[in-house]
Amino acid sequence: MNTELIIPLLAAAIQSGTPILFATLGEILTEKSGVLNLGVEGIMIVGALAAFVMAKFTGNPILAFALAGVAGMLISATHGVVCLWFRGNQVVSGLALTIFGLGLADYLGTPLIGQTAPGFDKLALPGLSHLPVLGPIFFQQDLLVYVSVLIVPLLWFFLAKTRWGLHLRSVGEYPQAAAAAGINVLLYRWVGVLAGGFLVGWGGAYLSLAYTHLWTSGLSAGRGWIAVALVIFAFWRPGRALLGAYLFGGVMAFQLRLQAVGTHLPSSLLLMLPYALTVIVLVLASWKSRQASAPAALGINIEPRE
Amino acid sequence: MLSIRAYKRQEPLQWRSCLVFLGAVLLSLAISALLLQVHGKPALHGLRILFAGAFGSLWAIEDCLIKAIPIFLCSLGVAIAFRLQVWNIGAEGQFALGAIGATGVALAFPDLPGYGLLPLMAAAAFLLGGLWGLIPALLKLRMQANEIIVTLMMNYIAILILDYLVYGRWKDPQSFGFPMTPEFGPGAIVGKIGSTNLNWGLVVCLVTGVVVWVFFRFTRLGFEFRAAGENIRASRYAGLPYQRLVCLAMVLSGALAGWAGLLEASATINRLQPSIMVGYGYTAIVVAWLARLNPLTIGLASFLLAALRVGVENLQLDLQVPAAFGGIMEGLILLTVLAGGFFMEYGLKLRRTA
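Those protein sequence lines, which keep their order, are chains V and S. Adding 3 to a residue's 1-based position in the first sequence gives its number in my numbering. Adding 5 to a residue's 1-based position in the second sequence gives its number in my numbering.
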């Protein structure tokens, strides 16, 4: 293959990977606090709808993007109420949230199907965008791509180097010990759920504001679930999440290119690629690590104080 | 100042747990009504239409029973896996594979009479549905791959396999381009009971429901299942073959969903087409959890969630409410009931603090 084909493909890989990256980073943050939120798919699509509606009515994509995070946070708060306050099963609550979110976005979004909204266009970074090969791949992306990449070291720094990050991780590893050390376990778990949901909402917003600029039913198409799998693949590390998200972005972009070029392969078989790859990647990651890097108290509710 | 503190209940709530359940459902109904109002539809009138659509006529109740069939079978299967603490979210895909297996047999032997063809179709649906359950079980046991994600991804893959077949290989040449297989021959169709609209799938549900209940209640293997589900580690020390139990549970789970797919293709639409996938596999998870994994209550909950679907269809016709409203209500009911579970284990006390 020649560079004229490869470079746009790699640029498209980053674009397709960005919504998954946001969602994966959000879920890492949530899971690090010991809360398993399987509602990512539902939160993502609600974020996508919120962003789309706001962009349409205000004409301001940046405001719309910010509010999509708030929408994601509000939807995740449901998970917090059910699991943190009422000690409901985290797996079931997350699934219910996905069913609810997909329903809600479809319900409120039906009248908008096929409409367009202002979003983010490509933004060439001065200087860097003219670099050969690297320029067109990395530095002619939209603003949100740069934001997502910036969050990777920020999240790493927060989790690994700050006091609050340490507290949040301790709550996910050994909540009883954290509580004994005077850390407000519930508070940190709430932070994990809400801040994580905020980022997942941004992942959804990327879909409607930068990836498509238009509303269709079922926009998330399993990306939320791929993000949940990527958290395991990434061993709960932001850096590896970036790698995983772009890998999946690459497969999705490749599959779209192949369809556009027109092959003898039926489109339904091509569409299977990312889902099949998710299973393969998950199996490889789990086989090697035996889940040792998962937060020890992930998915386990804490007893209320007497 | 007053503050609220939770305390663990010493004795179970018993009959009052029904009140908690009822309260949770009422809360979800109220939120749903609010959402109708947001959409500019009259909320109370909407709820009335929902109920009238589901229970208002004999025809409606028949429709509820027909829709309850696939939900019940999928849910029964899902519950078997859940009892072992294996999260099978894959009923949707296992349902698709069952429908594919049954259709493959029906198309291959169009001239066979029913007594020969239907058992073959049932076997094919069992095998393919069971296989779709076994794969995630093996990946979980051998490679520690999270079964939630694997079963979910396999749902997407199964639906795409179904699409591939009905858009290509199995497409009816006389369908004017619509993605669907030719109509099944008379031998491949599960018939209706007497002069009603109900099909014999209902009897299949009754029989499998009783068999599963008896199996868990009275057989040795069923006892092992329950023991292993209660405490995985203890059951291993006791020498129970946990790995084999998980495989068996997932095969049965997938096979039951597969049979649901068979019945849906054979009895309800008489062919295979993409519209067969309406999310029964996900509803089944809601049902299994609401019913607390008990075969008898799964029957009741399947009927109620089927009624919700029929009611929402009526809402769609009368008030042009999008069909997705059903998903919202399913999610809400599950969320509120899940939160309500707290009050069965804990009580709340008001306390005066300084």
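Beta carbons: idealized from backbone N, C-alpha and C, even for Gly.
Residues that residue i contacts on chain S, provided the C-beta gap is smaller than 8 Å
i: M340/V; result: In the structure displayed, chain V extends from 4 to 309; residue 340/V sits before or after that span and is not available.
i: W239/V; result: Under the 8 Å cutoff, chain S gives no residues; its nearest Cβ is about 13 Å from W239/V.
i: W167/V; result: Within 8 Å Cβ-Cβ: nothing; W167/V doesn't reach chain S, min ~26 Å.
i: L41/V; result: I153
i: T281/V; result: I154, M158
Reduced DSSP secondary structure (H/G/I, E/B, other) of residue i
i: I102/V; result: helix
i: E309/V; result: Per-residue confidence for E309/V stands at a pLDDT of 46, beneath the threshold of 50, marking its modelled position as unreliable; the derived number appears in the next sentence. In the structure shown, E309/V sits in coil (DSSP, three-state: anything other than H, G, I, E or B).
i: L353/S; result: strand
i: L197/V; result: helix
i: I9/S; result: strand
i: L41/V; result: coil
i: N160/S; result: helix
i: T219/V; result: coil
i: N299/S; result: coil
i: T201/S; result: coil
i: L285/V; result: helix
i: D145/V; result: strand
i: T341/S; result: helix
i: K46/S; result: coil
i: K125/V; result: strand
i: T165/V; result: coil
i: T119/V; result: strand
i: Q262/V; result: helix
i: A224/V; result: coil
i: L365/S; result: With chain S running from 6 to 359 in the structure shown, residue 365/S is simply not present.
i: G229/V; result: Just to set this straight, residue 229/V is Ile in the shown sequence, not Gly. Helix.
i: I94/S; result: coil
i: W64/S; result: helix
Same chain, Cβ closer than 8 Å to residue i, neighbours up to 5 away in sequence not counted
i: L134/V; result: F142
i: G214/S; result: F77, L81, P300, L301, I303, G304
i: Q278/S; result: V171, F183, P184, M185, T186
i: I198/S; result: N204, W205, L207, V208
i: F251/V; result: S19, G20, I23, I229, L233, P277, L280, T281
Contacts around residue i, its chain only, beta-carbon distance under 6 Å, and the 5 residues preceding and following it disregarded
i: A237/V; result: R243, A244, G247
i: N160/S; result: G95, E97, G98
i: M57/V; result: A67, L70
Same chain, Cβ closer than 7 Å to residue i, neighbours up to 5 away in sequence not counted
i: V174/V; result: S36, G37, A181, I186, V188, Y191, R192
i: G195/V; result: L32, T33, K35, S36, V38, L171
i: A129/S; result: G106, A107, G109, V110
Closer than 7 Å at the beta carbon, the chain S residues around residue i
i: F25/V; result: Here the premise fails: no neighbours, minimum Cβ distance about 19 Å.
i: W193/V; result: Correct list: empty, because the minimum Cβ distance to chain S is about 16 Å.
i: G225/V; result: Y161
i: R90/V; result: F347
i: S314/V; result: Absent from the structure is residue 314/V, since the part of chain V shown begins at 4 and ends at 309.
i: T81/V; result: L340
i: L105/V; result: G332
Buried versus exposed, by CB contacts within 10 Å (16 or more), residue i
i: E7/V; result: exposed
i: A59/S; result: buried
i: D116/S; result: exposed
i: E309/V; result: Summary for E309/V: the model assigns pLDDT 46, below 50, so the residue's position carries little reliability; its value from the coordinates is reported in the next sentence. Exposed: under 16 other Cβ atoms inside 10 Å.
i: P114/V; result: exposed
i: V83/S; result: buried
i: L162/V; result: buried
i: F160/V; result: exposed
i: Y285/S; result: buried
i: L1/S; result: The structure shown does not extend to residue 1/S, since chain S is modelled only from 6 to 359, so the question has no answer here.
Chain V contact residues for residue i, given Cβ-Cβ distances below 7 Å
i: W92/S; result: V94
i: A150/S; result: L285, V286, S289
i: W175/S; result: Correct list: empty, because the minimum Cβ distance to chain V is about 12 Å.
i: Y287/S; result: I102
i: I290/S; result: L98
i: W294/S; result: V95
Contacts of residue i in chain V (Cβ-Cβ under 9 Å)
i: V317/S; result: In chain order: nothing, as chain V lies at least about 10 Å away.
i: M282/S; result: Correct list: empty, because the minimum Cβ distance to chain V is about 12 Å.
Closer than 9 Å at the beta carbon, the chain S residues around residue i
i: M275/V; result: Y161, I162, L165, I166, Y169
i: G142/V; result: According to the sequence displayed, residue 142/V carries Phe and not Gly. Within 9 Å Cβ-Cβ: nothing; F142/V doesn't reach chain S, min ~34 Å.
Chain V contact residues for residue i, given Cβ-Cβ distances below 8 Å
i: P327/S; result: D109, Y110, T113
i: I237/S; result: In chain order: nothing, as chain V lies at least about 15 Å away.
Minimum Cβ-Cβ distance from residue i to chain A less than 8 Å
i: G252/V; result: The displayed structure is made up of protein chains V and S, and chain A is not among them.
Any non-hydrogen atom of the ligand ADP within 7 Å of residue i CB
i: A107/S; result: This structure lacks the ligand ADP; in fact it carries no ligand of any kind.
Query raised in the report: Does the region 305-322 of chain S come close enough to the region 130-144 of chain S to have 3 or more Cβ pairs within less than 8 Å?
Result: Counting Cβ pairs under 8 Å, fewer than three are found: no touch.
Query raised in the report: Three or more beta-carbon pairs under 8 Å between the region 343-359 of chain S and the region 25-32 of chain S, yes or no?
Result: With contact defined as three or more Cβ pairs closer than 8 Å, the region 343-359 of chain S and the region 25-32 of chain S are in contact.
Report task. Please determine if the region 222-230 of chain V and the region 39-53 of chain V are in contact, where contact requires at least 3 C-beta pairs separated by less than 8 Å. Result -> Taking a cut-off of 8 Å on C-beta distances, the region 222-230 of chain V touches the region 39-53 of chain V, as three or more cross pairs fall below it.
**Report entry** Cβ pair count under 8 Å reaching 3, the region 249-267 of chain V against the region 83-97 of chain V
**Finding:** With fewer than three CB-CB distances shorter than 8 Å, the region 249-267 of chain V does not count as touching the region 83-97 of chain V.
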